[in-house]
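Single-structure report; data block below.
4 protein chains.
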Amino acid sequence: MPLSTDQAAEIDALRAEARETLRPTVPALEALLYKALPVLDHGFVRVIDYMGDDGAIVQAARVSYGRGTKKVSEDRGLIRYLMRHRHSTPFEMCEIKFHVKLPIFVARQWIRHRTANVNEISARYSILDKEYYIPAPAQLAAQSAVNRQGRGDLIEGEQARAVLDLLRADAERNYADYEYLLNVDAEGNPADAGRDGLARELARMNLTLNTYTQWYWKIDLHNLMHFLSLRADPHAQYEIRVYAEEMLKVLEAWVPATFEAFCDYRMGGASFSAKDLEVIKSLIAGGSPTVESSGLSKREWTELMAKLGRE
Amino acid sequence: MPLSTDQAAEIDALRAEARETLRPTVPALEALLYKALPVLDHGFVRVIDYMGDDGAIVQAARVSYGRGTKKVSEDRGLIRYLMRHRHSTPFEMCEIKFHVKLPIFVARQWIRHRTANVNEISARYSILDKEYYIPAPAQLAAQSAVNRQGRGDLIEGEQARAVLDLLRADAERNYADYEYLLNVDAEGNPADAGRDGLARELARMNLTLNTYTQWYWKIDLHNLMHFLSLRADPHAQYEIRVYAEEMLKVLEAWVPATFEAFCDYRMGGASFSAKDLEVIKSLIAGGSPTVESSGLSKREWTELMAKLGRE
Amino acid sequence: MPLSTDQAAEIDALRAEARETLRPTVPALEALLYKALPVLDHGFVRVIDYMGDDGAIVQAARVSYGRGTKKVSEDRGLIRYLMRHRHSTPFEMCEIKFHVKLPIFVARQWIRHRTANVNEISARYSILDKEYYIPAPAQLAAQSAVNRQGRGDLIEGEQARAVLDLLRADAERNYADYEYLLNVDAEGNPADAGRDGLARELARMNLTLNTYTQWYWKIDLHNLMHFLSLRADPHAQYEIRVYAEEMLKVLEAWVPATFEAFCDYRMGGASFSAKDLEVIKSLIAGGSPTVESSGLSKREWTELMAKLGRE
Amino acid sequence: MPLSTDQAAEIDALRAEARETLRPTVPALEALLYKALPVLDHGFVRVIDYMGDDGAIVQAARVSYGRGTKKVSEDRGLIRYLMRHRHSTPFEMCEIKFHVKLPIFVARQWIRHRTANVNEISARYSILDKEYYIPAPAQLAAQSAVNRQGRGDLIEGEQARAVLDLLRADAERNYADYEYLLNVDAEGNPADAGRDGLARELARMNLTLNTYTQWYWKIDLHNLMHFLSLRADPHAQYEIRVYAEEMLKVLEAWVPATFEAFCDYRMGGASFSAKDLEVIKSLIAGGSPTVESSGLSKREWTELMAKLGRE
């Protein structure tokens, strides 16, 4: 369970107070607001606030005085048109804010997306909680033999147990030593009156990269979709992909027409090079292009055939 | 009057529909929402949407589960602390969206702030309305003799009349010729069946820089304050400053504690160099520093004395 | 000719002084450095400085101590891989700086790309030169009947002459009136001692949108390619496309391996939606998909067929 | 020593090949180019490339055809003017690229500056080297009693030894276990043919936050100065400040006039609020303002007095 009773109570308090607004609202997203959607063993994603809806995209694209919407079907068509032609600015007119709890090694991948606003808890200022990520047995994959940055077969049985025991033992010990360095007990009080605690900004260096951190993360819809297209992709590391998958559910609740276009054009779509297009045209014309005739490298050919479902 | 009856009706319709939300709301800003705050002769600023309030800044700074607020006085103190130490990220957690109507030469200054999202009406796609900015007589200033990018004395009487007549005549003629080039009448219908209209994307080049354009403009609170500190400054050109001044009122309604800190630290504050500080310390100690002893240039000395009210 | 003799002399002086550097250099780009590549009737693009080359992309991707390059063929393969998989950060490690002279209405499209650094001449501070863009007869297109933001047939004969005369007369008059407002003669000296000149920041509003402006514009290679993919595209307005086309030549001289991959994957490539892919797979399998069976709108179907060369 | 012989040889090779260029060069920076400036126990900062010099700032500010420089004293005055009035865009016209080796907990602070381009070595793809940061005894500070994110007195003697032993032992063990998880020996070869190695993207989670990482980091001069003003500040954590201090030396070699203005206006300067200014004016006038009369909080008063050297 990622939440303490206090935290759950704070969230309940937020969900108890409805207010009036003249702004556009999205009931399906209001239903999710503030709730912690669990991810991994101790993580979560929570929607803290949002601005805009599908209609706000149309309104901005038309620079209109009112809602800017015409018929639902026309709005849907316009959103598809904007997505297809990569007219990104109307999507930038919607904004969403998340509270995310995630392991530090995941946070380090995540932060590479620079077009978001971030407030992270400071381990210079605060003592981090004793929470670290241990993979579920189903995620304990060996290094891939073919893909230098991918996973291969599952590690199982004794070997798996050894891996998990080691990860757990190291994280436990390093956290205990972190407390020793800080000279605090589990409640954060001085453990030993006879010595000083090391500065927090130094002690944190002893923690392992699977320790959980938290941040507020705010992003516009265009950049969120860019993030999701990379991080919900099958090539993304599992531990960040599961966050992206929860956020896809949020996207669907928030802006259903945009979500549909995003799934069709981005998540389910594909890009081809000029050389790829020649191969495709030849195949359609009944030709028999080969890797040699195509001018593609072997790797490019394999990737192209995979996209065409011809593996 | 900047709004047509249709436009006013669209705005009224937006203001008529209150909805329920669990998000933080700001009644003082809701009272302004969608309304056109008039600027210059045909321009306006309208708030279209907002995300967050003073409490959201505190909440993000504390990465909290609930509102994150403690006592009002503590929140105010924290906001002042964040402003004083230029901790900008918590302010980035609030967002606001405006609809602005403004002369093109003002838009060209405005767009230099790159940290905002923008959707402008397209004069490739649409025909621009016949609206152009003519300065009020009180703004008709001569070129400054001392400041190459400033205004000097007022131009008055006959000379003023000549200037205004000329600006008006040129804008009128160029707009009429724009319509001729497009081959449209005042309702946008073909004016002369016997000839083609020039492509809109070409015809627009005949318009003058005081023609009004419009855009949706969305920005986070930190970058909005940066924009306002530059554009509400007395050195900013009058025609953009009046927009910034309306937006300051919006800021005050939206985030009053932040507004207070912003006025104290940014708008009313000042920065000093190391050399300036030496002069100040000497003055406090009862010394009589001079431009020569200070190591400052004449211009720097004058600027320093002005900041200290010793002109 | 876009350059005065003084300007040409300044450029020659820059090209006369070779220096020693340990940085990577690109002889093909050095050959272009500082030269004004003419665009439109008075515009140009000049490369002012650059950082990095194809090797710098490889070096950054490998975070290497030395050049990071292996065999040329491996480097080319890595660059193609990075381009294909949209790994954009290594391309961000190269930077280029241009001096561009361009009509204001083109500058307004251009500035929408916010990921560049810009210094524009200030018409608050300086008096703009008397230079305005008049389209060549071959560019005088009528408004398209099918595409609201496109061009249709050429306007020719008498009608063309009328259009050009009008554009020229309005620009001439508005510039003359700009000088009158400023109270300056052609050399920038006071024209009439008996009256004040209007402030420059006001007088500029009387200029037409085809007046030329200038700026320094600096951008990284990744964002430059994004700019070029949009602005060298056939759907871009001709008047900005010609700038992009000159910059493509610069790209080819600067980073030939990247240029090749860019042409193959971006300029010559295409993206397809999930529904598009189903149609393609069906066509390859010898099926006869129709707009109805595909679930695509008529417009989407037409766009898909065009991409497949089946119009 | 932070460099292996191979790495040192690669750097020597880079420094051995001078080339001709027409671009501006900075001999004092060329003298530093590629060299590893050591920081902490295993880290370094290396300049990989640069674009522009002091003259390029002036040239961009004047949007000039040639160098844009007049007399050296005028250029220096212009640079001071631009710095004083926070005209940031001309400084954005210079760019620099670093290779940095730094502990992960430092990298996590550093990356919060989002206006740079980054390529970091990937621990999904590669095995990180066995290098971790252990503070020098002189840096082993206790938690500050007054500043929640600062350091207090030095920890010495037995206590210090215990802290260092523990940090070293945990980093050693966790790295050894990382190798066990990966099933590699010190040369990166399979250690035990009888079992699979855990995927690199998972094994890395066992490393401690003082493990060293590396990246290429590229930034424009304006944003570099913003970074340095925060990270070379006495309030910054020592472990990042030492990097900033090396980079200040680079700044001085690269753009000496800008460096001088930066030291005077930013590093040595100070900002005051409107209320602060009232206190200062009162002090200059010989008054005796107090914390009560000033309207400042106790903390604000203390900070003000510190800036005025009246502690």
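Protein chains in written order, with this note's numbering: chain A, 8 to 318; chain B, 8 to 318; chain C, 8 to 318; chain D, 8 to 318.
Ideal Cβ positions, reconstructed from N, Cα and C, are used throughout, including at glycine.
Owing to the predicted nature of the structure, the values given are computational and were not obtained by experimental measurement.
Requested in this report: Spatial neighbours of A/L284 within its chain, please: CB distance less than 6 Å, with the 5 preceding and 5 following residues excluded, ordered by chain position.
Outcome: none
**Report entry** Candidates D/N196, D/G164, D/E127, D/A268, of which the one nearest D/K225 by Cα
**Finding:** D/E127
Report task. Pull up the distance between the alpha-carbon of D/A63 and that of A/K77, whole angstroms please. Result -> 52 Å
Query - Beta-carbon proximity list for D/I86, same chain, < 8 Å, skipping 5 on both sides - result: D61, I64, V65, A264, T265, A268
Report task. Quick one: using the 10 Å Cβ neighbour count with 16 as the cut-off for buried, is C/N124 buried or exposed? Result -> buried
Query raised in the report: Which residues of chain A have a Cβ atom closer than 7 Å to the Cβ of D/G204, listed in chain order?
Result: A149, Q150
Requested in this report: Please work out which residues of its chain come closer than 6 Å, Cβ to Cβ, to D/L89, disregarding the five sequence neighbours upstream and downstream, and give them in chain order.
Outcome: P97
**Report entry** Limits of the alpha helix (DSSP H) - the one that A/M58 falls within
**Finding:** Looking at the DSSP string, A/M58 is not in any alpha helix (DSSP H); the run it does join, the beta strand (DSSP E), is 50 to 58.
Query raised in the report: Is there at least one non-hydrogen atom of the ligand ZN closer than 6 Å to the beta-carbon of C/V107?
Result: As presented, the structure is devoid of all ligands, the ligand ZN included, so that no description of it is given.
Query raised in the report: Any residues in the segment 42 to 64 of chain D with a beta carbon nearer than 9 Å to a beta carbon of chain C? Which ones, in chain order?
Result: A43, R53, I55, D56, Y57, M58, G59, A63
Query raised in the report: For A/L10 versus A/A38, is the C-beta spacing smaller than 7 Å?
Result: no
Query raised in the report: Would you say C/V70 faces chain D, with C-beta separation under 7 Å as the test?
Result: yes
Query raised in the report: Are A/A277 and C/F234 touching if we call contact CB-CB under 7 Å?
Result: no
Query raised in the report: Helix, strand or coil: which one does DSSP assign to B/R158?
Result: strand
Requested in this report: Might you give, ordered along the chain, the residues of its own chain that have their beta carbon closer than 6 Å to the beta carbon of C/D82, omitting 5 neighbours on each side?
Outcome: V65, T76
Report task. Return the Cβ separation of B/L188 and B/N213 in integer angstroms, given the expectation that the two are a contact with Cβ distance under 8 Å. Result -> 6 Å
Requested in this report: For A/V170, return the contacting residues in chain D, with the cut-off set at a CB-CB distance below 7 Å.
Outcome: L188, L205
Report task. Use the C-beta contact count for C/N154: other C-beta atoms within 10 angstroms, 16 or more gives buried, fewer gives exposed. Result -> exposed
Report task. Measure the alpha-carbon distance for B/P296 versus B/L228 and round it to whole angstroms. Result -> 40 Å
Query raised in the report: Just checking, does the segment 251 to 259 of chain C make contact with the segment 137 to 150 of chain C on the three C-beta pairs under 8 Å criterion?
Result: no
Requested in this report: Show which residues of chain A have a CB atom less than 8 Å away from the CB atom of B/E127.
Outcome: V70
Query raised in the report: Looking at the unbroken alpha helix (DSSP H) that takes in A/Y223, where does it start and where does it end?
Result: It is not in any alpha helix (DSSP H) - A/Y223 instead sits in the beta strand (DSSP E) that spans 219 to 227.
**Report entry** Listed by chain order, chain A residues near B/G302 by CB distance under 8 Å
**Finding:** By Cβ distance, chain A contributes nothing, its closest Cβ being about 37 Å from B/G302, past 8 Å.
Report task. Using a Cβ-Cβ cut-off of less than 8 Å, list which residues of the segment 17 to 30 of chain C approach chain D; keep chain order. Result -> E17, I18, A20, L21, R22, E24, A25, R26, E27, T28, L29, R30
Report task. Work out the CA separation of B/L47 and A/Y272 for me, nearest whole Å. Result -> 44 Å
**Report entry** Buried versus exposed call for B/V79 [16 or more other C-beta atoms within 10 Å across all chains shown]
**Finding:** exposed
Query raised in the report: Helix, strand or coil: how does DSSP classify A/H106 here?
Result: strand
Requested in this report: Could you have a look at C/N196 and say whether DSSP puts it in helix, strand or coil?
Outcome: coil
Query raised in the report: Could you give the distance in angstroms between the alpha-carbon of A/A169 and the alpha-carbon of D/R202?
Result: 11 Å
Requested in this report: Give the residues from the segment 265 to 281 of chain A that approach chain C closer than 9 Å (Cβ to any Cβ), ordered along the chain.
Outcome: A268, C270, D271, Y272, R273, M274, G275, G276, A277, S278, F279, S280, A281
Query - Helix, strand or coil at B/P45 [DSSP, three-state] - result: strand
Query - Beta-carbon proximity list for C/V298, same chain, < 7 Å, skipping 5 on both sides - result: K305, W308
Query raised in the report: Beta-carbon of B/I291 versus every beta-carbon of chain D: anything under 7 Å?
Result: yes
**Report entry** Between the CA atoms of A/A143 and D/A206 - distance to the nearest angstrom
**Finding:** 14 Å
Requested in this report: Could you name the residues of the same chain whose beta carbon sits closer than 6 Å to that of B/I55, not counting the 5 residues immediately before and after it, in chain order?
Outcome: K104, H106
**Report entry** Closer than 9 Å at the beta carbon, the chain A residues around C/G84
**Finding:** S304, R306
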